[in-house]
Structures are given as structure tokens and as C-alpha cells.
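In our numbering, the protein residues as written are 8 to 507.
Input: a single structure, listed below in C-alpha cells.
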Amino acid sequence: MQTSPSPIRKVSPNGLLWNNSCQYSSGGAGRFRSEKHTVSTKLWGGRFSGALDPLMEEFNASIDFDRRLWLADIRGSQAYARALAAAGLLTEKEAEQIVSGLERVAAEWRAGQFEIRAGDEDIHTANERRLTELIGPVAGKLHTGRSRNDQVATDLRLWLREELTTSEQQLRTLIGVSVERAATEIDLLMPGYTHLQPAQPTRWSHWLLSHAWAWQRDALRLQDLQKRVNLMPLGNGALAGNPFPIDRDRLAQDLGFSAPTPNSLDGVSDRDFVAEALFWATMTMLHISRWAEDLIIYSSREFGFVTLADAYSTGSSLMPQKKNPDSLELLRGKAGRVFGNMSGLLMTLKGLPSTYNKDLQEDKEPLFDAIDTLTGALPIAAGALATLTVNRENMARALVPEMLATDLAEYLVRKGVPFRETHHAAGAAVALTESQGIPLTELTLEALRTLHPAFEEDVVSIWSYERSVEQRDARGGSSRRAVQEQIDELLLWLGQPAPV
Ligand code: ARG
């Protein structure tokens with residue numbers, strides 16, 4: 008069915024026909040025309056004659072949150088001005104005017120003196136507007152061949168690259184605190200759990216390192232992520248590429264990027280690097296959260312393995328005796344928030360057609376929030392861990408003889424009995440002690456022999472938590488040697504400078 012073009016009716020939020028001095032022009036190519044000619048203050052204003060609805064103006068603007076890209080935006084523009092000069096589009100003098108003008112804009116931001124004006128839609132338009140005020144019309148040459156599409160993608164990458172460097176340092180500090188504690192407290196034994204039920208004896212140091220390894224993987228993931236963050240979309244124009252002889256390799260080098268992005272359509276619209284950074288932040292927070300959960304349990308009165316320093320605890324407004332692990336609870340809680348940022352962005356991205364769409368403006372707030380949350384969390388985790396006290400006696404008291412049942416089975420294995428058979432015998436031993444109301448360690452040799460003939464006098468040697476832990480000497484296990492090996496390995500890794 009053919010439909011004939013009909014005049015567009017615009018309806019305002021209050022249901023009235025929109026009257027912002029626009030009318031349908033039958034003479035033009037179907038454009039809106041303003042009765043009163045208003046000069047747009049927008050950088051993209053040439054095509055428009057009507058003004059933005061004030062609510063739309065607010066809805067459209069990102070300056071409130073993307074202002075934090077101010078330095079990245081200025082560095083990107085300065086480099087672009089140099090590239091334009093190298094391509095012969097700016098004289099050396101013009102480029103110098105732009106670069107130093109932008110330095111003045113940077114100084115205003117740094118001093119907290121930059122004034123955001125009505126109509127400053129985003130950080131890119133705000134910086135360019137101010138540059139124009141400072142140096143005059145020559146500022147208008149800066150955007151030659153450039154679009155906010157390649158500009159914003161570049162700015163975000165520059166910004167993220169710096170933030171990730173900070174996070175990596177913080178992560179290394181946290182790993183360092185864990186390793187240091189593991190080294191000084193290597194001999195402390197504690198119960199290990201599965202299903203939160205006492206399972207086998209292990210070392211506190213081994214537990215500490217279990218989390219350090221997870222964080223080390225996060226750090227390695229971060230290094231890998233940096234490779235994909237550190238690519239430069241600048242010089243892609245709006246989508247189709249730059250029509251001027253811009254040397255993108257040199258420009259990338261100037262900005263410290265490892266290479267320019269290889270395809271302009273992809274370059275302006277790719278936000279994988281944001282999604283990946285959000286996954287990385289989520290995974291890191293998830294690891295922090297699981298670690299915090301362990302410590303929340305270990306610091307409970309019932310466990311009492313550790314006591315958090317006052318500096319990382321808070322009290323109750325009602326119950327005077329309370330000392331709550333708020334630092335750890337917040338770390339656990341904030342993991343959910345970072346995950347939310349990641350899932351939100353993935354939803355934003357999933358249905359976008361090629362190439363840039365304004366939906367992409369929604370990449371910033373989740374990224375900023377996730378990075379802020381993470382960089383806030385890492386030092387708190389490190390501080391809480393560095394200052395907590397370990398209650399050795401409570402840890403030792405929590406080691407119960409039943410945790411040696413596996414050792415009992417392994418004793419028989421060493422006598423040549425198949426493990427399945429030994430497992431059954433050891434299980435029967437536990438059942439027997441339960442029915443007699445005695446600990447496993449007090450079963451007599453005679454009683455044990457009724458369960459399996461291979462039990463001999465030397466069975467008493469297994470009733471030692473220390474021995475149990477030392478038995479687990481295969482690489483990655485709980486023995487002192489195996490734990491020391493982990494410490495050495497992590498110290499070696501920490502000693503190596505982080506690749507940028
Ligand atoms: N503020 C915008 C953003 O963050 C900048 C890019 C605008 N590009 C455009 N074609 N409207 O995505």
C-alpha cells in the first residue's frame with residue numbers, strides 16, 4: 008500500500024501541538040523553517056533554524072558527566088592540531104595558536120575556573136567554544152576532517168588508559184599486602200571449608216594466596232585489555248574516514264597509542280573496550296566480594312578467626328556492643344553495582360546499527376561509575392587486610408579431628424588398599440565415633456581394626472593437623488614448601504615492572 012507523505016505533527020509532552028515557531032514548509036525539501044530566524048549557538052547549528060526544546064537540550068547534553076574527559080579531550084585536540092599542520096591544513100603559527108590556546112583552556116579546568124555555559128552540549132563542544140573565545144576564528148580550523156564521533160571514542164580511550172594504570176597499581180598493592188601477610192603468617196593453620204562445612208586443615212597463608220592469585224589473574228586480564236584500549240580512532244571522521252592527508256600512525260604515536268584503529272566504521276562505533284573494561288571491573292569486584300565474604304564470616308563472633316581494625320569497622324547506633332565489618336560489606340555490595348553497569352552497557356550496545364548512534368553516549372556513566380567504584384574499593388580492601396588481627400587460638404580451636412578423616416583414608420592407601428575401600432573404612436570410623444560420642448582421634452586401634460585389618464600401630468601418626476597440611480606437598484598445595492613456592496612466584500611477578 009502506498010502512503011502519501013503527510014505533514015509531521017509534533018506533540019509536546021503536555022499533549023499540545025508543538026509551537027516552537029516551526030512550521031512545515033511546502034516550498035523546501037520538507038524541512039522545518041523558523042518564522043523568526045534564530046542563529047544557532049550549536050556547533051552543528053548550520054542545518055537548523057529552530058531551537059531545541061529546553062527539555063530536549065537537557066536530555067541531550069552529556070557535559071554534566073563527560074566534563075571529566077576534559078584533559079583527554081584537550082590532549083587529543085592538541086595532537087590533532089599538530090597532525091593538521093603536518094598535513095598542510097594549518098600553518099605552523101595557526102597550530103601553535105590552537106595548541107597554546109588549548110593549554111589555556113586546560114589551565115582553566117585545572118584551576119576550577121572553566122565556566123560551563125548554557126549550550127555547552129558536551130566536553131568537546133565546551134572546549135571548542137572556549138578555545139574560540141580565547142583565540143578567535145582560527146579555532147574553527149581545529150575540527151577539520153574530525154567528528155565528535157572519532158573524538159569521543161579517542162577521548163574515552165585516553166581517559167580509560169590512565170585510569171587503568173592507576174587501578175593496576177592499586178591491584179598490585181592489594182596483592183602485595185596478601186603476599187606479605189602470607190609470608191609472615193605462613194605457619195598459621197586454619198580449617199578449610201567446602202559447602203561452608205569444615206573440610207581439611209589448611210594454612211591461613213594458603214587462603215590469603217588463593218585470593219592473591221585471583222587478583223593476579225585480574226591484573227593479567229587488565230594488561231591484555233590495555234592492548235585493545237590503546238588503539239586510536241582519531242582520524243576516522245564521522246564514520247567514513249578522513250579526507251585530508253592525516254598521518255594517523257604519527258598521530259597515534261603522538262598520543263601514545265600503539266596503533267590507529269584499522270577500520271573507520273568500526274573505529275567510531277566500537278565500544279568493546281568499554282564492555283571489556285566493565286567485565287574486568289566486574290570480575291575484579293567479584294573477587295573482592297568473595298574475599299570480603301570469607302572475612303565477614305571469619306570475623307563473626309562464631310568463627311572469631313580475625314578481628315577487623317577499628318579503622319575499617321563501624322558501630323551500631325542502637326547496640327553499643329556492635330562492631331560491624333562495614334568495609335567488607337560495602338565491598339561485597341558494590342560488586343553488584345559494577346555488574347549492573349556492565350549488563351546495562353551490554354544491553355545498550357546489543358541492537359545498535361552501524362555506526363555511531365547517540366545511544367553510545369550512554370557508555371560513559373556506567374564506565375565512570377565502575378572505575379570510580381573499583382578505584383575506591385581497592386585501597387579499602389588493601390587497608391582492611393593490612394590492619395586486621397588474626398586470632399591464632401580461635402583458628403587452632405576450630406580445627407576438629409573429623410577434618411583428619413581423609414588422612415585416615417590416605418593412611419590405608421599408603422598400606423596398599425584401594426582408595427574407594429579406604430574411603431569407606433574412614434567413613435565408618437567417623438560414624439563409629441559419632442555413635443560413641445568421642446572424637447575421631449580417640450578411636451582405639453582395636454576399634455579401627457574392626458573396620459579394616461590394614462590399620463596398624465603407626466596410625467596414631469596421622470592425628471596431627473600439621474602433618475596433614477604438610478602431606479599436601481604437590482605443587483599448589485598447603486605444605487609450607489608449596490606455599491613458599493607460591494609466595495616466591497608472586498613476589499617475582501610483583502617485582503617485575505608492569506607493562507604499559
Ligand atoms: N557527547 C557525544 C557522545 O558522548 C559525543 C558524540 C556526538 N556525536 C554525534 N554524532 N552527535 O557520544
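Where is the CB? At the ideal position from N, CA and C, for every residue including glycine.
Check	Outcome
Cβ neighbours of residue 378 in the same chain (closer than 6 Å, five flanking residues each side left out)	170
Same chain, Cβ closer than 6 Å to residue 253, neighbours up to 5 away in sequence not counted	90, 94, 242
Spatial distance of residue 227 from residue 234 (CA atoms)	11 Å
Residue 375 versus residue 203 - alpha carbon distance	36 Å
Environment of residue 371 [buried if 16+ CB atoms lie within 10 Å]	buried
Reduced DSSP category for residue 200 - H, G, I as helix; E, B as strand; rest coil	strand
Secondary structure of residue 209, DSSP reduced to three states	strand
Enclosing alpha helix (DSSP H) for residue 3 [first to last residue]	A query on residue 3 cannot be resolved here, the shown segment of the chain reaching from 8 to 507 and no further.
Check: residue 245 C-beta below 8 Å from any heavy atom of the ligand ARG	yes
Cβ-heavy atom distance, residue 3 to the ligand ARG, below 8 Å	Because the chain spans 8 through 507 in this model, residue 3 falls outside it and cannot be assessed.
Residue environment, residue 467, which counts as buried when at least 16 other CB atoms sit within 10 Å	exposed
Inter-residue Cα distance where the pair is residue 64 and residue 125	10 Å
Nonlocal neighbours in the same chain, by C-beta distance under 7 Å from residue 361, ignoring five residues either side	272, 276
Check: residue 365 C-beta below 8 Å from any heavy atom of the ligand ARG	yes
Coarse secondary structure for residue 436, derived from DSSP in three states	helix
Candidates 200, 157, 313: closest to residue 394 by CA position	313
Beta-carbon proximity check, residue 555 vs residue 81, cutoff 9 Å	Because the chain here runs from 8 to 507, residue 555 falls outside it and cannot be looked at.
Per DSSP, cross-strand counterpart(s) of residue 266	238
Residue 353 versus 381, 281, 420, 383, residue with shortest Cα-Cα distance	281
The ligand ARG heavy atom lying under 8 Å from the CB of residue 186	no
Assigned exposure category for residue 249 - 16 Cβ within 10 Å defines buried	buried
Residue from 499, 491, 496 whose Cα sits closest to the Cα of residue 210	491
Minimum length 4: unbroken alpha helix (DSSP H) runs contained in the segment 420-495	426-443, 452-458, 472-478
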